[in-house]
Every structure is written in C-alpha cells, then in structure tokens.
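Visitor: I am attaching a structure below and will ask some questions about it afterwards.
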Amino acid sequence: MHSGDGAAAQNGAEALIRMLQAYGVRHLFGVCGDTSLPYYDALHRLEHGITHVLARDERSAAYMADAYARVSARVGVCEGPSGGGATYLLPGLVEANESSVPVLGFTSDVAVTSRGRYPLTELDQQALYAPLTKWNGTFQSAATIGDQVRAAFRAMSTGRPGSAHLCVPYDVQKQPVSPETLWAQPEHGGWPSWRSAPDESQVTRAAQCLLEARQPVFVCGGGVIAAGAFDEIARLALLLDAPVCTTVSGKGAVSDAFELSAGVVGSNGGVPATRDVIAAADAVVFVGCRAGSTSTEHWRYPRPGTTVIHIDVDAFAISTSYLTEAALVGDARLALAALIARIEPERGSSPPGADPASPGRKLADAARRVKASGFAALAASDERPIKPERIVATLRRVLADDAIVCADPGTPCPYFAAYFELPRPGRWFITNRAHGALGFSLPAALGAWFARPASRCVAVMGDGSFGFVAGELETVLRYDAPLLLVVLSNASFGWIKASQRASYGKRYFSVDFRATDHAQIARAYGMASWRVEDPTQLEPALRAALAHGGPALVDIVTQPLELAAAPVSQWMG
474 MHSGDGAAAQ
484 NGAEALIRML
494 QAYGVRHLFG
504 VCGDTSLPYY
514 DALHRLEHGI
524 THVLARDERS
534 AAYMADAYAR
544 VSARVGVCEG
554 PSGGGATYLL
564 PGLVEANESS
574 VPVLGFTSDV
584 AVTSRGRYPL
594 TELDQQALYA
604 PLTKWNGTFQ
614 SAATIGDQVR
624 AAFRAMSTGR
634 PGSAHLCVPY
644 DVQKQPVSPE
654 TLWAQPEHGG
664 WPSWRSAPDE
674 SQVTRAAQCL
684 LEARQPVFVC
694 GGGVIAAGAF
704 DEIARLALLL
714 DAPVCTTVSG
724 KGAVSDAFEL
734 SAGVVGSNGG
744 VPATRDVIAA
754 ADAVVFVGCR
764 AGSTSTEHWR
774 YPRPGTTVIH
784 IDVDAFAIST
794 SYLTEAALVG
804 DARLALAALI
814 ARIEPERGSS
824 PPGADPASPG
834 RKLADAARRV
844 KASGFAALAA
854 SDERPIKPER
864 IVATLRRVLA
874 DDAIVCADPG
884 TPCPYFAAYF
894 ELPRPGRWFI
904 TNRAHGALGF
914 SLPAALGAWF
924 ARPASRCVAV
934 MGDGSFGFVA
944 GELETVLRYD
954 APLLLVVLSN
964 ASFGWIKASQ
974 RASYGKRYFS
984 VDFRATDHAQ
994 IARAYGMASW
1004 RVEDPTQLEP
1014 ALRAALAHGG
1024 PALVDIVTQP
1034 LELAAAPVSQ
1044 WMG
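Shown next, in the form of structure tokens:
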C-alpha cells in the first residue's frame, strides 16, 4: 500500500498520520501537550478516519491501547507529549511488551536543534524506552519517518508480539517529507502477521512423546488466544484425552464448558484441585506461555522428571526453566495443526477424549467438581461484608456470554481468573499480569469497548485501583461508553495486606486507607451509580446498572481480602 502516490509534499506531522492511516489505524488514544501541537493540528485538518480518544492520563491511554489490541487483533496505538508525558506513557508499554501485545506508543519531543541546551521537558527518550520495549526509535529527520514507522509495525506484529516506541521531535514534525517514502506493509497492522511453522523433526518427536504418554496435560498461555488456535487445541486435547489448563493470560483458550477444561492453574487463580491435574501428568505441553513463576507456582508444577514439550513463537522462552523433550518454535495454531496431522491417523476416527469415562475426562471433571463445590458454598453466603465469590457468581449470572471482563490485579484477578466461567473460547477476560500495575481495568474496558462496541465491557477493580484512575470517569462519560464499572471496596491495598497476614505474622503496616463512597464520586461526575452493602441487593443493583444502558458504577462493600478464601497458593497453605 502506498499512502503518498501522486500527493504533494507534506510535513512530518502529516506524514506520521498518513502512515498510521496506511496501517489501518482507526483509534488513537492519547493526551495533548505543547510539543504535540503539529500532529494534533494535522489530525484536525486531514481526512484520515482515525478517532482520537482523549484520555486524562497517559498511563490510561496506553492501557486503552493495550486492551484495544487484545480485543481487535489490530495494533493498538497511543501517544503523549514530551517530558512527564513520556514517563507516564511508559508503564503501559512495559505491560504490553511483557504481555506480548503489540502497542505503539509515540511521544513528541523537544526540537533536535534544542538538545543539550536545557529546553523545557528535555529527556533522553531513546535511552528511557530502549530496555522496556521490543523496538524503539527516534525520528532524527522527517526523511526517516516512513522507515521508522514500518520498522515499528514490523517488529510489533511478527515473531513474539510486543510494544514499540517512537520519539517524534517538534522540529521534525514541521520538516517536508517526500510522499514516495510513505508506504506500508498492510498486514503488519494486525497480529500475528507472517506466522511461522515449527521444524518437522520436532513435531515428529513431540507427537511420539504424546502418543506414548500415560496422561498428557496442556497448559495454554495467551499465545493460544493471540494465534486464534481455539479449534486446534480442543481437537488435539480430544485426540489425546488430555485435560487443558490455562494460565491467567490464557483464560479463554478453551471454554469452561469444554469437556477437558480443567481451569486456571498457578499461584494466582489456581486451586489445589487444578494443581492436582498438573501433578498427575507424565507429559506437560506448554503452549504459548513462558512457564514463568506464576503459572508453575515457582516451578514446582510440573514436578521434576515430567516430560515437557514446549510450543512458543519465541525460541528464547523455551527450555528456560525445564529440560524440554521437544521444542516447537512457531505459531501456536500452526504447531497444533501440525501435531494433529501426525497424531490423528494414529488415534482413528473416535478420539479418546470424547469418552466420558476416559482417564483425562475423569481428571478434568474431578478438578472442576471440587473447585465448584467449594466456590458454590461461599457464593451463596448472605454474610456481610459481601464475599467476593458472591460477586463473581452474580456477575456471571447477569452478564451475557459475550461480555468482556477486565480485572485489575489485587482482589479481582485471582477470583475472576479462578471462578468466572467463560461459556465460549476467545478474548473475554483481560488482566495485566505481567507487571500488575493498579488502575488498569477501567481504561482497559474503555479500550475494549472501542474495539468491540457490541459487547458489554466490564471493569472490576479494587478501591485501591479506583484511586489511580477516578479521573477517567469523565472520559467514559464523554464518549457515553456503556461500561459497567464494579468497585470492590475493602478500604485497603488488599493483596499486600493479605500477604502480611500470611507471611509476616499479621504485622499490618501502611496498607489501610479511609473507606470511600465511590458511588457518590461517580454521581458527582454525572454517572449513574449504586452502592451495595447487603448481599441480597447485589443482583438487583447489577441488573439495574446493566438496564440503565449508559455508563454505570456499582460500589460493593466487600470482605477484606486478608480474611477471604482467595485462590492464591501462598495464602492457601
């Protein structure tokens, strides 16, 4: 695609917008600033089809772009000004990079000719972003804009997806650009692009190991969802009678209604019953996950001696923590399809996993049954403060199957990872598990809504997280986004307080704050809101909020996390 054929010369700011347009960018999330004025003016003057979403904080803009990318399968794009804006945008790009999500952040900067002369907001952006993004560049002159934007999109969308940063100096935005340099490789606007397939000898070795295994088990990460390998993982699991577990980021790789689904494993969202599934395996296949500390409970499960097969688009992620019998370096969908082609002829037309009495089905069923029984009793409790289990169960009951739930770290993440059932595979659950910064879910829900406006998007956050992003209530209202915002109020930074209880003799220090009526705050912004303290009023309040149609907030006084039965292994003994 050539964006400049037959066009007159344009300046750098216009060229940047035209390059984004050529890559199919339709939404741009950001915050204005002095050094950004040239490209803001270009956005105003040009016909480009891009909606600029003004956030109230650059961190929020980056989180919006992150969730947008996850839901749309397009590259998410965000922007901010020089100085403080460049530092505020950084947390979102770090999270996206470590979560393998393609997000481009570009930040304006002081003029190249002003560097080293102490101009206001001068900052070495190249050095700041270099270790924290997959790709990082600076426009030294307008002539480099085409090359740099192409490199950024190519890096973000190929191989292991990740974030990219571009530094856009003020004077470069005003320099002339030759239209012939402004062309795009259009498939790099989406992800994953240019998929790669694994080595055939490794596929053969993996297939042999799986056919010989007594009880194989899959552990699926976010790479399965990114690759869209939903049919392939379900089909292969049935062929092998292999339970399918997921990481927190991989939740949605299979539906919770799938016969061999065993649920989330690991130290955040896993429970002893799902841990038992991994412990029972003699062969574990990691698919699109890095087998890090959370998903393996600090590398205790799988146990030493378990045969490990690893599928990942990033070769460097394989064999980091486990001796690997077969390494399938490539796209998850292509790798799983290659295994199916080798294994299906050996297993015939009747897959073992289709038999309700098969060992794998029994193992998965037992895990689901034990987990559900413990959850159901707590979810039915009328005790005050309201138990988190009651909130999860009620939300599942009132939300449509295609709702997208964005959960902050802290109280929401383990509960929704463990217990919020997804009736269909796909990207229906989003959380920021790479770095776990508070204040993610509200802007993420807005970004998800821009990507998929037909779905009800829900943000579930603790009151600690709400304090980070209360200003974005105005953003939600300005766009009249029909989000459901749920605040779990326990007047503390609950995750840290629960850890102090579990590991530090209940020596609570600097984790509590004053209780706040978040519904009143929402009303002050002009948002419909409800505050719930009685468990019997929870479902009516949530249904009323959903029926309202527009933006709505429900503030729920919730059991303190340190007293709850959260599915977090370090607190469960």
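Under the numbering used here, the first residue of the sequence shown is numbered 474, with each subsequent residue one higher.
Each residue gets a CB set at the ideal place from its N, CA and C atoms; glycine is no exception.
1) Report back the beta-carbon spacing between alanine 971 and alanine 1039 to the nearest angstrom; my notes put them in contact at under 8 Å.
2) Out of Val548, Pro1033, Val544, Leu1026, which one is the CA nearest neighbour of alanine 495?
3) Is valine 676 helix, strand or coil when you go by DSSP?
4) When the Cα of tyrosine 952 is compared with those of Asp985, Ile864, Gly999, which residue comes out closest?
5) Mapping DSSP to helix, strand and coil, what is aspartate 838?
6) Determine, using beta carbons only, whether threonine 747 and alanine 624 come nearer to each other than 7 Å.
7) Below 8 Å on the Cβ atoms is my guess for serine 766 versus leucine 895; work out the distance and round it to an integer in Å.
8) Name, in chain order, the residues that DSSP records as bridge partners for aspartate 1007.
9) Hey, would you say glutamate 568 sits closer than 7 Å to alanine 907, going by beta carbons?
10) Check for me: the beta strand (DSSP E) holding cysteine 879 runs from which residue to which?
11) Can you tell which of Ser938, Val1030, Ala1001 has the C-alpha that lies nearest to the C-alpha of glycine 1023?
12) Glycine 414 by DSSP, collapsed to three states: which one?
13) How would you call alanine 699, buried or exposed, if buried means at least 16 neighbouring beta carbons within 10 angstroms?
14) Taking DSSP as the reference, what is the three-state secondary structure of arginine 951?
15) Can you confirm whether the segment 673 to 681 touches the segment 497 to 514 when touching is taken to mean that 3 or more C-beta pairs between the two stretches lie within less than 8 Å?
16) Compute the Euclidean distance between the alpha carbons of glycine 477 and glycine 632, then round it to the nearest angstrom.
17) When the distance is taken between beta carbons, is valine 757 closer than 7 Å to valine 802?
18) From leucine 1026 to leucine 946, what distance separates their C-alpha atoms?
19) Run through DSSP, which three-state label would isoleucine 784 get?
20) Heavy atom of the ligand FAD less than 6 Å from the Cβ of proline 1033, yes or no?
21) Let's test the definition: count the other Cβ atoms within 10 Å of the Cβ of aspartate 539 and tell me whether it reaches 16, buried, or not, exposed.
22) Quick one: residues in its chain with C-beta nearer than 6 Å to the C-beta of glycine 743, no 5 flanking neighbours on either side, listed in chain order?
23) May I have the straight-line CA-CA distance separating serine 856 from proline 1008, to the nearest angstrom?
24) Ends of the beta strand (DSSP E) at aspartate 1028?
25) Count the CB pairs spanning the segment 661 to 677 and the segment 599 to 609 that are closer than 8 Å, and state whether there are at least three.
26) In terms of residue numbering, what span does the alpha helix (DSSP H) encompassing alanine 891 cover?
27) Less than 6 Å between C-beta atoms, sequence neighbours within five positions excluded: which residues of the same chain meet that for glutamine 1032?
28) Counting only the same chain and skipping the five closest in sequence on each side, list residues whose C-beta sits under 8 Å from that of methionine 629.
29) If you run the structure through DSSP and keep just helix, strand and coil, what is tryptophan 608?
30) Which value, in whole angstroms, describes the spacing of the CA atoms of glutamate 1035 and arginine 980?
31) Please state whether DSSP places serine 972 in a helix, a strand or coil.
32) Note the first and the last residue of the continuous alpha helix (DSSP H) segment covering histidine 517.
33) At 3 residues or longer, and completely inside the segment 719 to 748: list those beta strand (DSSP E) runs for me, N to C.
34) Using alpha carbons as the reference points, say which of Gly558, Leu711, Asp785 lies closest to alanine 837.
35) Considering only the alpha carbon of each residue, which of Pro898, Ala880, Ser976, Val544 lies closest to leucine 957?
36) Nearest CA to the CA of glycine 937: which residue from Ile969, Ala707, Ala917?
Guide: From the atom records:
1) Stepping through the sequence shown from its first residue, residue 971 is reached at position 498. Stepping through the sequence shown from its first residue, residue 1039 is reached at position 566. Yes, alanine 971 and alanine 1039 are in contact; Cβ-Cβ is about 7 Å, under 8 Å.
2) Stepping through the sequence shown from its first residue, residue 495 is reached at position 22. Ranking the options by Cα distance to alanine 495, first place goes to Val548.
3) As a position in the sequence shown, residue 676 is number 203, starting the count at 1. Valine 676 falls in the helix class under three-state DSSP.
4) As a first step, residue 952 must be located in the sequence shown, where it is residue number 479. A check of alpha carbon separations from tyrosine 952 across Asp985, Ile864, Gly999 identifies Gly999 as the nearest.
5) In the sequence shown, the residue the question calls residue 838 occupies position 365. Under the three-state reduction of DSSP, aspartate 838 is assigned to helix.
6) Counting from 1 along the sequence shown, the entry for residue 747 is found at position 274. Counting from 1 along the sequence shown, the entry for residue 624 is found at position 151. Not closer than 7 Å, so no.
7) If you number the sequence shown from 1, residue 766 lands on position 293. If you number the sequence shown from 1, residue 895 lands on position 422. With a beta-carbon spacing of about 24 Å, serine 766 and leucine 895 fall beyond the 8 Å limit used to define contacts.
8) Here the question's residue 1007 lines up with position 534 in the sequence shown. In DSSP, aspartate 1007 forms no bridge with anything.
9) Numbered from 1 along the sequence shown, position 95 holds the residue referred to as residue 568. Numbered from 1 along the sequence shown, position 434 holds the residue referred to as residue 907. Yes, these two residues count as a Cβ contact at 7 Å.
10) Working through the sequence shown from its first residue, we reach residue 879 at position 406. Cysteine 879 -> beta strand (DSSP E) spans 877 to 880.
11) The count along the sequence shown starts at 1 and reaches residue 1023 at position 550. Cα-wise, what sits closest to glycine 1023 is Ala1001.
12) Missing from the structure shown is residue 414; the chain here goes from 474 to 1046 and no further.
13) Taking the first residue of the sequence shown as 1, we reach residue 699 at position 226. Alanine 699 comes out buried.
14) The residue labelled residue 951 in the question sits at position 478 within the sequence shown. Shown here, arginine 951 sits in a helix according to DSSP, grouped into three states.
15) They do not touch, by the three-pair rule.
16) Along the sequence shown, one-based indexing puts residue 477 at 4. Along the sequence shown, one-based indexing puts residue 632 at 159. Here glycine 477 scores only 47 on pLDDT, less than 50, and its place in the model should not be relied on; the value that follows carries that caveat. Between glycine 477 and glycine 632, the C-alpha separation is close to 28 Å.
17) The residue given as residue 802 occupies position 329 in the sequence shown. The residue given as residue 757 occupies position 284 in the sequence shown. Contact check for valine 802 against valine 757 fails: the beta carbons are separated by 7 Å or more.
18) By one-based count along the sequence shown, residue 1026 stands at place 553. By one-based count along the sequence shown, residue 946 stands at place 473. Rounded to whole angstroms, the separation of the alpha carbons of leucine 946 and leucine 1026 is 9 Å.
19) Within the sequence shown, the letter at position 311 stands for residue 784. Strand.
20) Absence of the ligand FAD is noted for the structure shown, with no ligands found whatsoever.
21) The count along the sequence shown starts at 1 and reaches residue 539 at position 66. With 16 or more other Cβ atoms inside 10 Å of its own Cβ, aspartate 539 counts as buried.
22) Numbered from 1 along the sequence shown, position 270 holds the residue referred to as residue 743. Result list for glycine 743: Val737, in chain order.
23) Here residue 856 corresponds to residue number 383 of the sequence shown, with the count starting at 1. Here residue 1008 corresponds to residue number 535 of the sequence shown, with the count starting at 1. The displayed chain sequence assigns glutamate, not serine, to residue 856. Distance between the alpha carbons of glutamate 856 and proline 1008: 7 Å.
24) Taking the sequence shown and counting its residues from 1, one reaches residue 1028 at position 555. Residues 1025 to 1030.
25) Contact between the segment 661 to 677 and the segment 599 to 609 is absent: fewer than three C-beta pairs spanning the two stretches fall below 8 Å.
26) For this step, residue 891 is matched to residue 418 along the sequence shown. Per DSSP, the unbroken alpha helix (DSSP H) holding alanine 891 starts and ends at 885 to 892.
27) To locate residue 1032, count along the sequence shown from 1; it is residue 559. Answer for glutamine 1032: Pro858, Lys860, listed in chain order.
28) For the purposes of this step, residue 629 is taken as the residue at position 156 of the sequence shown. Closer than 8 Å at the Cβ level, and outside the excluded window around methionine 629, lie Val548, Pro575, Val576, Leu577, Lys607, Trp608, Gly635, Ser636, Ala637, His661, Trp664.
29) What you label residue 608 is simply residue 135 of the sequence shown in a count that begins at 1. In the three-state scheme derived from DSSP, where H, G and I count as helix and E and B as strand, tryptophan 608 is classed as strand.
30) Position 562 of the sequence shown, counting from 1, holds the residue named residue 1035. Position 507 of the sequence shown, counting from 1, holds the residue named residue 980. Glutamate 1035 and arginine 980: Cα-Cα distance of roughly 12 Å.
31) In the sequence shown, counting from the first residue as 1, residue 972 sits at position 499. Annotated three-state conformation of serine 972 is helix, per DSSP.
32) The residue labelled residue 517 in the question sits at position 44 within the sequence shown. Membership of histidine 517 in the alpha helix (DSSP H) is indicated by the continuous run 510 to 518.
33) Counting only unbroken stretches of 3 or more residues, the beta strand (DSSP E) elements lying wholly within the segment 719 to 748 are 734 to 737, in sequence order.
34) For the purposes of this step, residue 837 is identified with residue 364 of the sequence shown, where counting begins at 1. It is Leu711.
35) Sequence index remark: in the sequence shown, residue 957 carries index 484 (1-based). Answer by Cα proximity: Ala880.
36) Counted from its first residue, the sequence shown places residue 937 at position 464. Nearest neighbour of glycine 937 by Cα position, chosen from Ile969, Ala707, Ala917, turns out to be Ile969.
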